[in-house]
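Here's the structure we're looking at; comments come further down.
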Amino acid sequence: MRTIGIFLSFFLLVPVFRTANPSTVKPGSLSGSHFKVPDLPIHGSNSLQATVQQNDTTALKQSDWYQAAIKNIEASEYQFHGEKGGKLFKSFNRKQQLQGKFSADAFVLKPRVDVAGDWQMKLRVKGIYCGNQPVYALHADPVSTQQGNDLMFSHGDEFSVEYINNEEGVRQNFIIQKQPEDNPVSLAVHLEVNKDWKIHAVNNQELKFSTAPK
């Protein structure tokens, strides 16, 4: 069984209430002959130069600048990249071995191209509800804002859907900016997943999706 966990956060920015809905090479014998170029000794100034270069490289790798540069490169792997005028975004997640596509009404997750597997999960946002009554629907022309690994789709001044991509996975947040007129006691996000996937509610902030491998 294939399982994916999704964390959902539900925030209300208005008073009254807030709810929270390696690769290793295996040693073995070699047939035929293999050759190795012998190590040649380095004499005189060449030896001194090699030692200086080695020390410089070691010092560079230990410097704060080098560590910060490596950290920035690793973080850039999780950034969102926009397409189609900001209506569609792509991202990769090396740690979780995932790639995703994100739009205002849905996101799609599947394995990275270099990882075995042909599954695909699409989770669509249907709207904000109170019981079975719709409170806020998706806007026809939402506004997208992206900064690094943070992506947000704003549906007017009513609510926004935020995605955060990091080593822990892809997080989805729902943010209510406008107080509903009837002051409902609770609100819920209605979601729809593509066929062959089953939804399991772990708690009011975590869902697990599972499907049998093909």
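Numbering (numbering that gives the first Met the number 0), first residue to last: 0 to 213.
Note that beta-carbon positions come from the ideal geometry of N, C-alpha and C, so glycine has one too.
From a predicted model like this one, the values you see are computed outputs, not experimental measurements.
Work out the CA separation of residue j and residue i for me, nearest whole Å.
i	j	result
Phe-152	Arg-93	24 angstroms
Glu-82	Asp-55	42 angstroms
Asp-117	Trp-196	14 angstroms
Pro-133	Lys-125	9 angstroms
Lys-194	Phe-158	27 angstroms
Leu-137	Ile-174	13 angstroms
Is it true that the CB of residue j sits closer than 8 angstroms to the CB of residue i?
i	j	result
Gln-96	Lys-109	no
Val-192	Ile-127	no
Tyr-162	Gln-171	yes
Phe-79	Asn-165	no
Phe-91	Phe-101	no
Determine the DSSP secondary structure at residue i, reduced to helix, strand or coil.
i	result
Lys-70	helix
Tyr-162	strand
Ser-75	helix
Asp-63	helix
Lys-109	strand
Gly-99	strand
Gly-85	helix
When DSSP builds the beta bridges, which residues end up paired with residue i?
i	result
His-189	Gly-126
Thr-57	Note: Thr-57 sits in no beta bridge, so no partner.
Arg-170	Ile-163
Gln-119	In the DSSP output, where bridge partners are listed per residue, Gln-119 has none listed.
Pro-133	Tyr-128
Asp-149	Gln-146 and Ile-163
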